[in-house]
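**Student:** To start, I am sharing the structure in question, which I have written as structure tokens.
In our numbering, the protein residues as written are 4 to 117.
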């Protein structure tokens, strides 16, 4: 049986004078059979400004899904520079994701990618 996975709630919180709007952040829609691993892709589309840091929350049905904080890949936008990415499940079904730049790297204005 296939279960449709959907993200219930996303809140974008930006810092350091950068603005990233919810319509510029895309989380892929995935489906899987019970017991299969599901991977979500988080992408930025046409960043409205240079991005030096970002953060957002994801809420999901914790009785149906589990979160593994150490099981992720860094996409092309973040691997180009030096930064720190953190993912933390602050309560069952609630993940905080944050990233900040180091050594003057930034995601450039109008950039798109994951």
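For every residue, glycine included, the Cβ atom is placed at its ideal position computed from N, Cα and C. Here the structure is a predicted model, which is why all the values come from computation and not from measurement.
1) Identify whether residue 80 lies in helix, strand or coil by the three-state DSSP scheme.
2) Round the Cβ separation of residue 34 and residue 116 to the nearest angstrom and send it over; I've been treating them as touching at under 8 Å.
3) The beta strand (DSSP E) that contains residue 50, what's its start and end?
4) Which residues does DSSP pair with residue 85 in a beta bridge?
5) In the DSSP output, which residue or residues are listed as bridge partners for residue 99?
6) Report the residue from 30, 109, 36, 104 whose alpha carbon sits nearest the alpha carbon of residue 68.
7) Considering only C-alpha positions, which residue in the set 27, 60, 104, 88 is nearest to residue 98?
8) Return helix, strand or coil for residue 35, following the three-state DSSP convention.
9) Closest by CA to residue 93, which one among 62, 41, 53?
10) Rounded to whole angstroms, what's the CA-CA distance from residue 43 to residue 108? Just pull it up for me.
**Tutor:** Concretely, from the data shown:
1) Note: residue 80 maps to helix in three-state DSSP.
2) Residue 34 to residue 116, Cβ: 23 Å. No contact.
3) Per DSSP, residue 50 belongs to no beta strand (DSSP E) and is neither H nor E.
4) According to DSSP, which records beta bridges pairwise, residue 85 is partnered with 105.
5) 60, 91
6) 36
7) 60
8) Residue 35: strand per DSSP, three-state reduction.
9) 62
10) 25 Å
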